[in-house]
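As structure tokens, the structure follows; a few thoughts come after it.
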Amino acid sequence: MYTHLSKYDKIENDLKLKQLQIKSLLSITQAINENISEKELYNMYNTFLSWDMGVGRMAL
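Numbering (this note's numbering), first residue to last: 1158 to 1217.
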């Protein structure tokens, strides 16, 4: 029974992570449409990659 619960918890956590990622991508898309500065857009993208996607390092 506890194994079943942990599977449910994992699915719920995965769903919450995906919802957060989608919201972040929407925010970046809206920022692009609003013509925010390159620096602000880069900061948003960097935050998205590091926090939401777990990317430690990147090269642009």
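Beta carbons are placed, not taken as given, at the ideal position from N, Cα and C, and that holds for glycine.
Answer yes or no: do residue i and residue j have a C-beta to C-beta separation smaller than 8 Å?
i: M1201; j: S1184; result: yes
i: A1188; j: L1177; result: no
May I ask which residues mark the beginning and end of the alpha helix (DSSP H) holding residue i?
i: L1198; result: E1195 to T1204
With a threshold of 8 Å on Cβ separation, who are the neighbours of residue i within its own chain once the five nearest residues in sequence on each side are excluded?
i: S1207; result: G1213
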